[in-house]
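Heads up: take any position in the sequence shown, counting from 1, add 1060, and you land on the numbering used here.
A virtual CB, placed ideally from N, CA and C, is assigned to each residue, including glycine.
Predicted model only: the values in this text are computed from it and were never measured.
Scroll down for the structure; my scribbles are underneath it.
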Amino acid sequence: MEIIDNVNLMQQKANELRLHGNKIALVPTMGYFHEGHLELMRIAKKYSDVLVVSIFVNPIQFGPSEDYNRYPRDIKGDEKKAKEVGVDILFIPSVEEMYPEGFQTKVCVERLTQHLCGKFRPGHFDGVTTVVAKLFHIIKPHIAVFGQKDYQQLMVIKRMVKDLNMDIEIIGAPTFRETDGLAMSSRNTYLSKEQRESALCLKKSIDMAKSMVHKGICTTSEIKKAIEELIRSHPFTRIEYISICDPDTLEEIEEIKERALLAMAVYVGKARLIDNAIIEKYK
Ligand code: AMP
1061 MEIIDNVNLM QQKANELRLH GNKIALVPTM GYFHEGHLEL MRIAKKYSDV LVVSIFVNPI
1121 QFGPSEDYNR YPRDIKGDEK KAKEVGVDIL FIPSVEEMYP EGFQTKVCVE RLTQHLCGKF
1181 RPGHFDGVTT VVAKLFHIIK PHIAVFGQKD YQQLMVIKRM VKDLNMDIEI IGAPTFRETD
1241 GLAMSSRNTY LSKEQRESAL CLKKSIDMAK SMVHKGICTT SEIKKAIEEL IRSHPFTRIE
1301 YISICDPDTL EEIEEIKERA LLAMAVYVGK ARLIDNAIIE KYK
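This is the structure we're talking about:
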């Protein structure tokens, strides 16, 4: 496995790989790998000849009061895991390398970013699309894999790729969970043992919402109220949002007709956790 920390070198490497007919896959990450990340890498490997994984904790996607400084990092551990999965190139640029003095350009997807997490994290998705666009230009992948765990992010990236005619196939990978249902996240490391127990309320909410819909309760205010009560009954929790919306536009809906996205963000202690699921009435 090759480790590259320089943008020019990475671009040269990508040009050579393309010249020799290789299909490049990219999995962008912020590191501190868990099985969810590794699954994305395994999927990406299947679709490509060369797998590039980037590790970059992107400062411009964090708000001033968010966890940029304390975001967990473990480059040595990540290198070992990436090697075991069969990653070909680990791209680990510094902040100075990605945002040299004078940097002033932004990529912004306008409407999809107004909902869900976008409402509570102003500027977050502009930071995401800007860094992902940069990574696409540096690594020149044919395909890139993103997790459905960050459903809105996946939709926003797909939109950017379509709108800006980027010739890259975006693949969404299912959410990888711990055996008890908690969605894997680097931020789970912030949880104490008791908070870890409370964090299960997100997956329990998804299961409850699905069973309500299957019983014919499809009014979203009713479902959201039940979820609120369930989450509030778990200590250490603070709800940021619970949304039931159209899976394509992310606009709130009042009644589930066929398919809907349930998405939520809940603080458990200091950890801001997100989870989501598509709810289908007839499945
Ligand atoms: P992050 O390092 O948190 O920015 O995540 C990097 C990529 O891994 C993103 O595309 C995430 O959506 C994806 N990811 C994170 N957690 C999971 C998970 N539990 N299951 C599937 N994909 C995930």
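Residue range of the unbroken alpha helix (DSSP H) whose run includes residue i
i     : result
M1158 : 1155-1158
S1303 : Note, S1303: premise wrong, no alpha helix (DSSP H); beta strand (DSSP E) at 1297-1305.
A1286 : 1280-1292
T1190 : 1184-1199
I1120 : Taken as a continuous stretch (DSSP letters only), I1120 belongs to no alpha helix (DSSP H), as it is neither H nor E.
Residues that residue i bridges to, as DSSP identifies them
i     : result
N1248 : DSSP output for N1248 lists no bridge partner at all.
P1234 : DSSP output for P1234 lists no bridge partner at all.
E1062 : I1149
A1320 : I1339
E1229 : I1203
V1087 : V1113
Spatial neighbours of residue i in its chain, beta-carbon cut-off 7 Å, leaving aside the 5 residues before and after
i     : result
L1077 : I1084, V1110
S1245 : L1333
H1094 : M1244, S1246
I1313 : T1280, I1304, C1305, D1306, A1320
Per-residue DSSP class, three states only, for residue i
i     : result
E1315 : strand
S1271 : helix
A1259 : coil
V1326 : strand
S1125 : coil
L1224 : coil
G1162 : coil
E1170 : coil
L1176 : helix
G1108 : Note that residue 1108 corresponds to Ser in the displayed sequence, not to Gly. Here S1108 sits in coil by DSSP.
L1310 : coil
L1242 : coil
H1097 : helix
I1135 : helix
Limits of the beta strand (DSSP E) - the one that residue i falls within
i     : result
D1335 : 1331-1340
F1151 : 1149-1151
G1081 : No beta strand (DSSP E) holds G1081; DSSP gives it neither H nor E.
A1204 : 1203-1207
Rounded C-alpha distance that separates residue i from residue j
i     : j     : result
A1142 : E1282 : 44 Å
L1100 : I1338 : 19 Å
Y1128 : F1122 : 6 Å
I1316 : V1117 : 37 Å
V1113 : I1277 : 43 Å
P1307 : R1319 : 7 Å
S1252 : E1062 : 36 Å
I1148 : A1193 : Rather than Ile, the amino acid found at residue 1148 in this sequence is Asp. Using only the alpha carbons, I get a separation of about 21 Å.
T1089 : R1256 : 23 Å
Same chain only: Cβ atoms within 8 Å of residue i, ignoring 5 sequence neighbours per side
i     : result
N1075 : K1200
R1219 : V1169, L1172
D1223 : V1169
T1297 : S1258, C1261, I1291, V1326, Y1327, V1328
C-beta neighbour in chain C for residue i, strict 9 Å
i     : result
I1199 : Among the chains in the structure shown there is no chain C, since it carries only a single protein chain.
Own chain residues within Cβ distance below 6 Å of residue i, not counting five before or after
i     : result
A1233 : L1100, I1103, V1205, G1207
V1191 : N1118
Q1212 : L1176, C1177
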